[in-house]
Amino acid sequence: MRLRRRDGLVEAAAPRPRVPVFRSGTSLEIAELAWQTEGVSREAALTIPSVAACRNLIVGTIVQLDAFCYRGEERLDGGYLLTKPDPSTSWTATIAGTVDDLLFHGYAFWRVLELDPEGFPRRARWTPFRDVTPVTRSTGGSYAVLEGYRVAGVEGVLAPEALIRFDGQAPAVLETGARILAGGLELEEAARRLSAVELPAGVLKNEGSELNEEEAQAYVEKFSENRRLYGIAFLQGVDYSRENLSPADLQLLEARHNIATEVARLFNVPVAMIGASPSGHSSAMLYANLTQMLSMLVSTSCAPHLNVIETTLTDVATPRGQAVAFDVQQFLRADPQAAADYAIALLGAGIVTVQEARAMLGIPSSGGPPDLTPGRV
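The opening residue of the sequence shown carries number 397 in the working numbering; numbering runs sequentially from there.
In C-alpha cells:
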C-alpha cells in the first residue's frame, strides 16, 4: 500500500498486511513507561551541569557535520531530505532534535511530509518522542505487531510508513542512568541549600558561670563589636574557636566531581572534555592531545548515533545501491595544524589534487573548481 497526499502531508490510507514488529521487552510503550517511573525527566536531568555539557557536546558536534548521498565513489545530490527536510525549520534543528531523542529516549521520529516520484521521502519533520504513541497488537509471544502511530495534533492512526523511526543503538540515558541522575540532582540541591545557609565563623564556648539567653546574646554582640572596632576582643571565662569551613566542603565539590565523571561515562564522552576525570577531580585537555580527544569524541560518543541516522535514511529514503553518510572528517579537521597535515598527506599520496587540497583548507582554488570538499574547515 502507498501513502496518499493530502493538504501537502502524507497520511495512511490503510495498514499494510506486513509491518515491522517490536520485541515486547524493548517496545516503545515500555520505554515510555520506564521514563515515567524512573522519576528523572529530561528537563530535570539537563539542570545537572555535566549532563547539559555532555548533551551539548554530542549534539553540537553532530549538527556541524554535513550529510551526503553517494553511490560507490560517486557523490550524489542529497536533495531536500539531507539539506532541509522540514520546510519550516533548518537541518540543524532537525538533527539536534533527532540526536537529543536518541540520547534521552532511545528512539526518534521524523514524520513524512512529501514523497518524491519514486515513492521515497522527500520532506520530513522531526516529531518529538513524546508526541508519538505506537499502536501495537499483541501476538501472544515476545513480539508485538506495529500497526501504526498516533501523533499529537493528527487525527487517526498513521501507517508505519508515515513516520521514519530511528532505533537507538543503546538503552535510553534516562533508563540506564536513573540512579546517577537522581544522585546528581540531590547533590545540586544540597549544594544550593548549603550556599544559602549562614554558618558561624567561630564558636564561643562558656567555661565560667552559666549565662541566660539574654546575657549570652549581649556577650556575643559585644564580642563581635570589639572585633570589628579593634580587631581583637578580651575573653574571660569564654573560649573562642574558629571554624575551618572551606568552600569545597560547602559546595560538595568532590562528590559533584565524581557525579560529573559518572555522567561522562554514561554518555561515552571523554571525561577531560567536560572537566571531569577518572579520579573525580578536574583534568586538563591540552593542545597536544586535542586531535586525539576529538577523534575519541567522534568515534565513541557520536559515531553510534551517526550510524543510526545513516543506516535508517539509507534503508527508507534512498534507492538500492545508494547510501547516506556524514562527513566526519570536516570536524576532525577543525584543528588548523591537523587540517594542514591531513591535506598534505593526501596530496603527497596522490589521492587529491592541489585544487582539492586547497579547497579542504578553505583556500580559494587557483583556477580549479571551488569548494570541492563539502566540509567546512
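Every residue gets a Cβ at the ideal spot worked out from N, C-alpha and C, and that includes glycine.
Checklist line | Spatially closest choice to V547 from D473, A555, L478, by CA coordinates | finding: Within the sequence shown, residue 547 is the residue found at index 151, counting from 1. Cα-wise, what sits closest to V547 is A555.
Next item on the list: Output yes or no for whether 9 Å exceeds the beta carbon distance between A720 and A463.
Entry: Mapped onto the sequence shown, residue 720 falls at position 324. Mapped onto the sequence shown, residue 463 falls at position 67. The identity of residue 720 in the sequence shown is Val, whereas the question assumes Ala. Yes, the Cβ-Cβ distance between V720 and A463 is below 9 Å.
Checklist line | Under the three-state DSSP convention, the category T529 falls into | finding: Here residue 529 refers to the residue found at position 133 when the sequence shown is read from its first residue. Taken through DSSP and simplified to helix, strand or coil, T529 comes out as strand.
Notebook entry, point to check: For N654, is the classification buried or exposed, using 16 other Cβ atoms within 10 angstroms of its Cβ as the cut-off for buried?
Noted result: Taking the first residue of the sequence shown as 1, we reach residue 654 at position 258. Burial check for N654: the Cβ neighbour count within 10 Å reaches 16 or more, so the residue is buried.
Note to self: Three Cβ pairs or more, each shorter than 8 Å: is that satisfied between the segment 601-612 and the segment 470-489?
What the structure shows: No: fewer than three Cβ pairs fall under 8 Å.
Notebook entry, point to check: What are the residues that DSSP puts in a beta bridge with G544?
Noted result: Taking the first residue of the sequence shown as 1, we reach residue 544 at position 148. Looking at the DSSP assignment, G544 forms a beta bridge with V531.
Notebook entry, point to check: If you check the beta carbons only, do V436 and L577 fall under 9 Å apart?
Noted result: The residue labelled residue 436 in the question sits at position 40 within the sequence shown. The residue labelled residue 577 in the question sits at position 181 within the sequence shown. Inclusion of V436 and L577 in the CB contact set at 9 Å is warranted, their separation being smaller than that value.
Notebook entry, point to check: Does DSSP classify E470 as helix, strand or coil?
Noted result: On the sequence shown, position 74 is the one that residue 470 refers to. Strand.
Next item on the list: Note the first and the last residue of the continuous alpha helix (DSSP H) segment covering D711.
Entry: For this step, residue 711 is matched to residue 315 along the sequence shown. From DSSP, the alpha helix (DSSP H) with D711 extends over 699-713.
Note to self: Here's a check: name, in chain order, each residue in its chain whose Cβ is nearer than 6 Å to the Cβ of L658, leaving out the five neighbours to either side.
What the structure shows: Stepping through the sequence shown from its first residue, residue 658 is reached at position 262. The residue asked about is misnamed: residue 658 is Glu in this sequence, not Leu. Shown here for E658: same chain residues with a beta carbon closer than 6 Å to its own, the five before and five after excluded, namely I576 in chain order.
Note to self: The beta strand (DSSP E) that contains D482, what's its start and end?
What the structure shows: Residue 482 sits at position 86 when you count from the first residue of the sequence shown. Neither: D482 is in no beta strand (DSSP E) and is coded neither H nor E.
Margin query: Closest to A713 by C-alpha separation, out of L662, P481, R438, would be which residue?
Written below: Position 317 of the sequence shown, counted from the first residue, corresponds to residue 713. The shortest Cα separation from A713 among L662, P481, R438 belongs to P481.
Check: Which ranges does the alpha helix (DSSP H) cover as unbroken runs of at least 4 residues, wholly within the segment 545-595, from first to last along the chain?
Finding: Listed in chain order, they are 569-572, 574-592.
Check: At which residues does the beta strand (DSSP E) containing V720 begin and terminate?
Finding: On the sequence shown, position 324 is the one that residue 720 refers to. Segment 719-722, the beta strand (DSSP E) holding V720.
Notebook entry, point to check: With a Cβ-Cβ cutoff of 9 Å, do V634 and E603 count as a contact?
Noted result: As a working note, residue 634 is residue 238 in the sequence shown. As a working note, residue 603 is residue 207 in the sequence shown. Yes, these two residues count as a Cβ contact at 9 Å.
Notebook entry, point to check: Quick one: what's got a C-beta closer than 8 Å to A753's C-beta in the same chain, skipping five residues either side?
Noted result: Within the sequence shown, the letter at position 357 stands for residue 753. These residues qualify, in order along the chain: A739, I740, L742, L743.
Item checked: Contacting residues, own chain, Cβ-Cβ under 6 Å from E510 (five flanking each side not counted) -> As a working note, residue 510 is residue 114 in the sequence shown. Result list for E510: R518, R519, in chain order.
Next item on the list: Tell me, to the nearest whole angstrom, how far the beta carbon of I491 is from that of V459; I am working on the premise that it is less than 8 Å.
Entry: Mapped onto the sequence shown, residue 491 falls at position 95. Mapped onto the sequence shown, residue 459 falls at position 63. Cβ atoms of I491 and V459 come within 8 Å of each other, at about 5 Å.
Notebook entry, point to check: Is T422 helix, strand or coil when you go by DSSP?
Noted result: As a first step, residue 422 is located in the sequence shown; it is residue number 26 there, counting from the start. Its pLDDT being 43, under 50, T422 is placed unreliably by the model, and the measurement read from it follows with that caveat. It is helical.
Note to self: According to DSSP, is A753 part of a helix, a strand, or is it coil?
What the structure shows: Taking the first residue of the sequence shown as position 1, residue 753 is located at position 357. Here A753 sits in helix by DSSP.
Checklist line | Span separating the alpha-carbon of T535 from that of V528 | finding: Here residue 535 corresponds to residue number 139 of the sequence shown, with the count starting at 1. Here residue 528 corresponds to residue number 132 of the sequence shown, with the count starting at 1. Roughly 22 Å separates the two Cα atoms.
Check: What does a CB cutoff of less than 8 Å around P718 pick up in its chain, not counting 5 residues either side in sequence?
Finding: Stepping through the sequence shown from its first residue, residue 718 is reached at position 322. Note on residue identity: the sequence assigns Gln, not Pro, to residue 718. Excluding sequence positions up to five before and after Q718, its CB lies within less than 8 Å of the CB of C465, Y466, R467, L472, T710, all in the same chain and listed in chain order.
Item checked: For F464, three-class secondary structure by DSSP -> For this step, residue 464 is matched to residue 68 along the sequence shown. In this structure, F464 counts as strand in the three-state DSSP scheme.
Notebook entry, point to check: Roughly how many whole angstroms lie between the Cα atoms of L453 and V616?
Noted result: Locating residue 453 in the sequence shown gives position 57, where the first residue counts as 1. Locating residue 616 in the sequence shown gives position 220, where the first residue counts as 1. Annotation: L453 to V616 spans about 52 Å, alpha carbon to alpha carbon.
Margin query: If distances are taken between C-alpha atoms only, which option among G552, E585, V665 comes closest to L693?
Written below: Reading the sequence shown from its first residue, position 297 is the one you call residue 693. If we check each option's Cα against that of L693, V665 comes out closest.
Note to self: Starting from L631, trace the alpha helix (DSSP H) in both directions and tell me its first and last residue.
What the structure shows: Start at 1 with the first residue of the sequence shown, and residue 631 comes out as number 235. For L631, there is no enclosing alpha helix (DSSP H), as DSSP gives it neither H nor E.
Notebook entry, point to check: Which two residues bound the contiguous beta strand (DSSP E) that contains F505?
Noted result: For this step, residue 505 is matched to residue 109 along the sequence shown. Annotation for F505: the continuous beta strand (DSSP E) segment containing it runs 503-511.
Notebook entry, point to check: Does DSSP put R716 in a helix, a strand or coil?
Noted result: Against the sequence shown, residue 716 aligns to sequence position 320. Looking at R716 - three-state DSSP - the assignment turns out to be coil, as it is neither helix nor strand.
Next item on the list: Taking only the alpha-carbon atoms, compute the straight-line gap between Y503 and L542 and give it to the nearest angstrom.
Entry: The count along the sequence shown starts at 1 and reaches residue 503 at position 107. The count along the sequence shown starts at 1 and reaches residue 542 at position 146. Straight-line spacing of the CA atoms in Y503 and L542 works out to 15 Å.
Item checked: Assigned secondary structure, W431 (DSSP; H/G/I helix, E/B strand, else coil) -> On the sequence shown, position 35 is the one that residue 431 refers to. Unreliable positioning characterises W431 in this predicted model, as indicated by a pLDDT of 41, which lies under 50. A coordinate reading is not provided.
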